[in-house]
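Down below is the structure, laid out as structure tokens.
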Amino acid sequence: MSGRGEAIEELDCFGSRCAALVIGCGRAGTAGQAAALARRTLLVWHRRYSRFLPDSELSRLNADPRETVPVRPLMARLAQAVRDAGLLSGGLVDGTLVEAIERAGYGEDLRGPALPLASALELAPPRRAAGAAAAKRWREIDVDPRAGTITRPPGVMLDSGGLAKGLFADVLGEMLATHASFAINCAGDLLVGGAARIRREIRVESPFDASTLHTFELSHTGVATSGIGRRSWLDRHGGPAHHLLDPSTGRPAFTGVVQVTALAPSALDAEIRAKAALLSGPQAAPGWLAHGGVIVFDDGSHRLVQPPPAAQPPPVVTLGQLLPHVRLRAAAQEADVATGALAA
Amino acid sequence: MSARPRSAAQLDARALARARLEAMRRRTRRIRRSVAGLAVALFVASFAVVYVQLASGHDPALVANARKRAAAASAASSSGSSSSSAAGESTTGESGSSGESSSSGESASAGESSSSRNGESSTGASAVTTSQS
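Chains as they are written, first to last, in our numbering: chain A, 1 to 344; chain B, 345 to 477.
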């Protein structure tokens with residue numbers, strides 16, 4: 001608990017650092033209870049949706065030989081997010097490149113130190129904007145939320161990656177919406193919100209030296225940062241590799257942009273925009289940042305795209321806000337962790 | 345002992361009395377029903393107002409507390425060393441300022457830090473950092 005009555009839970013999750021910061025009481029209990037709930041939920045989701053755990057629900061789905069597979073609601077939302085990301089980005093953000101990323105050398109959780117970004121850029125091939133894969137396998141995913149099934153040709157695999165982190169931040173945000181203020185950090189994908197509309201500093205870190213490039217102050221926003229600096233390595237041929245692939249080649253993308261931070265109404269939207277901006281290269285990147293963001297280029301310079309004045313949502317009471325207990329219960333049941341905490 | 349036979353006038357008077365009594369009871373029932381219905385309607389209406397207010401996250405007590413905390417944090421930070429907030433801008437007060445003010449527009453820069461903010465209530469919350477995952 002911070003000095004300002006803010007409960008903070010930090011944890012290692014999704015191969016990175018995650019955090020939940022909550023101020024005030026709400027449907028998830030006190031600030032401390034809400035932050036602890038977020039922590040437990042993240043840990044459950046990590047076990048369930050990690051590509052690196054062979055018994056995770058995601059791994060079982062990817063290995064399932066059936067065409068139609070019954071899944072949990074959150075898995076259905078993830079599959080829908082993969083499809084939506086492909087549609088919205090014109091195929092640039094492709095969450096079905098599991099085989100390609102494993103071929104590139106990212107078949108297990110990266111534990112060692114990353115290849116320094118400056119070294120990777122020196123060794124990298126000529127820069128070019130990424131493009132969509134010819135196959136566009138994300139189009140073959142069909143989600144039936146009512147039946148709770150995913151239909152896809154066996155062999156089409158889902159990568160939890162950044163899309164899942166954005167989605168998880170959004171789902172946790174739904175659970176914490178009635179608290180005065182909250183921030184969920186899912187390994188770089190953030191959702192900031194709360195009923196009291198308290199502004200919060202959001203610092204954008206440089207991929208070169210971890211200095212702060214820019215500070216936004218916003219009360220409600222999704223934020224996502226995609227970059228090629230942290231999860232990078234030398235491949236078997238000694239070439240630099242990282243986890244953001246050019247879908248058209250299946251190889252790590254070097255586009256001239258090394259990091260993009262995107263603002264958007266939701267963390268998932270921000271994640272799609274950040275990845276699409278990075279993959280589309282320096283010329284097209286600003287076009288993806290309709291809600292604002294920061295683009296960092298190969299040479300270390302950065303470009304700020306200011307959020308538009310209307311970026312903040314008006315204080316409209318939605319039906320979902322009127323029935324927070326219903327939404328919270330659904331999310332809690334999905335997480336299988338919260339019911340007891342709420343009862344207590 | 346047999347009852348004395350009653351005259352027609354007596355019978356009419358008794359019937360009239362019964363009718364009046366019945367009418368009085370009906371009126372009582374109607375008034376009771378009206379009062380009960382009105383009370384239930386009033387309760388439901390006031391409950392709905394309070395429920396909507398709380399469920400939509402606009403709990404007056406919570407907001408007041410958050411404002412107090414924010415004001416205290418703002419006072420503490422302004423009385424201390426210089427902060428990262430834009431100079432000359434109030435850091436207290438509820439939303440209502442016109443949109444957004446920022447220290448820089450869309451710009452290109454190398455190696456320099458900057459900040460931007462919008463017109464919401466002041467910050468009482470910890471900063472968060474976004475970095476590539």
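Don't be surprised by glycine CBs; every beta carbon is placed ideally from N, CA and C.
Can you have a look at residue i and say buried or exposed, based on whether 16 or more other CB atoms are within 10 angstroms of its CB?
{"i": "Ala85/A", "result": "buried"}
{"i": "Ala357/B", "result": "exposed"}
{"i": "Asp170/A", "result": "buried"}
{"i": "Ile295/A", "result": "buried"}
{"i": "Ser429/B", "result": "In this prediction, Ser429/B scores a pLDDT of 32, lower than 50, which makes its location untrustworthy; no coordinate-derived value is stated."}
{"i": "Gly424/B", "result": "Residue confidence is low: Gly424/B scores 35 on pLDDT, short of 50, so the model does not pin down where it sits. Its coordinate-derived value is still stated next. Exposed, by the Cβ-count rule."}
{"i": "Ala270/A", "result": "buried"}
{"i": "Phe391/B", "result": "exposed"}
{"i": "Phe387/B", "result": "exposed"}
{"i": "Glu450/B", "result": "Model confidence at Glu450/B stands at a pLDDT of 38, short of 50, so the residue's coordinates are unreliable and nothing is read from them."}
{"i": "Leu319/A", "result": "Bear in mind that a pLDDT of 45 at Leu319/A, under 50, signals an unreliable position, so the number given afterwards is only what the model happens to contain. Leu319/A should be labelled exposed."}
{"i": "Phe182/A", "result": "buried"}
{"i": "Ala76/A", "result": "buried"}
{"i": "Asp55/A", "result": "exposed"}
{"i": "Gly432/B", "result": "Residue confidence is low: Gly432/B scores 29 on pLDDT, short of 50, so the model does not pin down where it sits. No coordinate-derived value is stated."}
{"i": "Gln306/A", "result": "buried"}
{"i": "Gln476/B", "result": "buried"}
{"i": "Ser378/B", "result": "exposed"}
{"i": "Leu365/B", "result": "exposed"}
{"i": "Val98/A", "result": "buried"}
{"i": "Ile184/A", "result": "buried"}
{"i": "Ser119/A", "result": "exposed"}
{"i": "Ser351/B", "result": "exposed"}
{"i": "Pro252/A", "result": "buried"}
{"i": "Glu237/A", "result": "Going by the sequence as given, residue 237/A is His instead of Glu. The residue in question, His237/A, is exposed, as its Cβ has fewer than 16 Cβ neighbours within 10 Å."}
{"i": "Pro349/B", "result": "exposed"}
{"i": "Ala363/B", "result": "exposed"}
Since residue i and residue j are thought to touch, with beta carbons under 8 angstroms apart, how far apart are those beta carbons, to the nearest angstrom?
{"i": "Gly166/A", "j": "Leu268/A", "result": "4 angstroms"}
{"i": "Ser301/A", "j": "Ala130/A", "result": "Not really, about 21 angstroms apart at Cβ, beyond 8 angstroms."}
{"i": "Val260/A", "j": "Leu245/A", "result": "With 8 angstroms as the limit, Val260/A and Leu245/A do not qualify as a contact, their Cβ atoms being about 16 angstroms apart."}
{"i": "Trp138/A", "j": "Asp189/A", "result": "Their Cβ separation, rounded to whole angstroms, is 19 angstroms, which puts Trp138/A and Asp189/A out of contact at 8 angstroms."}
{"i": "Gly24/A", "j": "Leu406/B", "result": "5 angstroms"}
{"i": "His91/A", "j": "Ala133/A", "result": "In the sequence under discussion, the amino acid at residue 91/A is Gly, which differs from the His named in the question. Sure, about 6 angstroms apart at Cβ, within 8 angstroms."}
{"i": "Pro153/A", "j": "Glu67/A", "result": "7 angstroms"}
{"i": "Val22/A", "j": "His179/A", "result": "5 angstroms"}
{"i": "Ile202/A", "j": "Thr215/A", "result": "7 angstroms"}
{"i": "Pro240/A", "j": "Leu158/A", "result": "Going by Cβ atoms, the distance from Pro240/A to Leu158/A rounds to 26 angstroms, so no, they are not a contact pair."}
{"i": "Gly229/A", "j": "Leu304/A", "result": "Going by Cβ atoms, the distance from Gly229/A to Leu304/A rounds to 19 angstroms, so no, they are not a contact pair."}
{"i": "Arg17/A", "j": "Ala187/A", "result": "7 angstroms"}
{"i": "Ser89/A", "j": "Ala262/A", "result": "So it is not a contact: roughly 12 angstroms between Cβ atoms."}
Would the beta-carbon of residue i fall within 8 angstroms of that of residue j?
{"i": "Phe297/A", "j": "Pro282/A", "result": "yes"}
{"i": "Ala19/A", "j": "Gly250/A", "result": "no"}
{"i": "Glu6/A", "j": "Ala28/A", "result": "no"}
{"i": "Val143/A", "j": "Thr96/A", "result": "no"}
{"i": "Gly227/A", "j": "Val258/A", "result": "yes"}
{"i": "Ala284/A", "j": "Arg273/A", "result": "no"}
{"i": "Phe254/A", "j": "Ala124/A", "result": "yes"}
{"i": "Pro73/A", "j": "Gly161/A", "result": "no"}
{"i": "Leu172/A", "j": "Val82/A", "result": "no"}
{"i": "Val204/A", "j": "Thr225/A", "result": "yes"}
{"i": "Ile150/A", "j": "Ala63/A", "result": "no"}
{"i": "Ser470/B", "j": "Ile8/A", "result": "yes"}
{"i": "Ala177/A", "j": "His402/B", "result": "no"}
{"i": "Leu58/A", "j": "Tyr49/A", "result": "yes"}
{"i": "Ala168/A", "j": "Trp45/A", "result": "The question names Ala, but residue 168/A in the sequence shown is Phe. In this structure, Trp45/A lies closer than 8 angstroms to Phe168/A by Cβ."}
{"i": "Gly256/A", "j": "Arg127/A", "result": "yes"}
For the beta strand (DSSP E) holding residue i, just list the boundary residues, first then last.
{"i": "Ala183/A", "result": "Ser181 to Cys186"}
{"i": "Leu304/A", "result": "Ser301 to Val305"}
{"i": "Gly193/A", "result": "Asp189 to Gly193"}
{"i": "Ala20/A", "result": "Ser16 to Ile23"}
{"i": "Ala7/A", "result": "Glu6 to Cys13"}
{"i": "Glu57/A", "result": "Glu57/A -> not in any beta strand (DSSP E); alpha helix (DSSP H) instead, spanning Glu57 to Ala63."}
{"i": "Thr178/A", "result": "Per DSSP, Thr178/A belongs to no beta strand (DSSP E) and is neither H nor E."}
{"i": "Ile202/A", "result": "Arg200 to Glu205"}
{"i": "Leu355/A", "result": "Since the first and last residues shown for chain A are 1 and 344, residue 355/A lies out of range."}
{"i": "Val69/A", "result": "Thr68 to Pro70"}
{"i": "Val472/B", "result": "Val472 to Thr474"}
If I follow the unbroken alpha helix (DSSP H) through residue i, where does it start and stop?
{"i": "Val98/A", "result": "Val98 to Arg103"}
{"i": "Arg47/A", "result": "Ala31 to Tyr49"}
{"i": "Ala76/A", "result": "Pro73 to Leu88"}
{"i": "Asp298/A", "result": "Counting along the chain, Asp298/A falls outside any alpha helix (DSSP H), and DSSP gives it neither H nor E."}
{"i": "Arg373/B", "result": "Ala352 to Ala399"}
Hey, would you say the C-beta of residue i is under 7 angstroms away from at least one heavy atom of the ligand FMN?
{"i": "Leu61/A", "result": "The model depicted lacks the ligand FMN and carries no ligand whatsoever."}
Practice problem: Output the residue ranges of the beta strand (DSSP E) runs that lie fully inside the segment 224-271 of chain A and measure 3 residues or longer, sorted by chain position. | Solution: Runs of the beta strand (DSSP E) lying entirely within the segment 224-271 of chain A, each at least 3 residues long, are 232-234, 240-242 and 257-264 in chain order.
Quiz prompt | Runs of alpha helix (DSSP H) lying entirely within the segment 111-171 of chain A, each at least 4 residues, in chain order | solution = Qualifying alpha helix (DSSP H) stretches, in chain order: 117-123.
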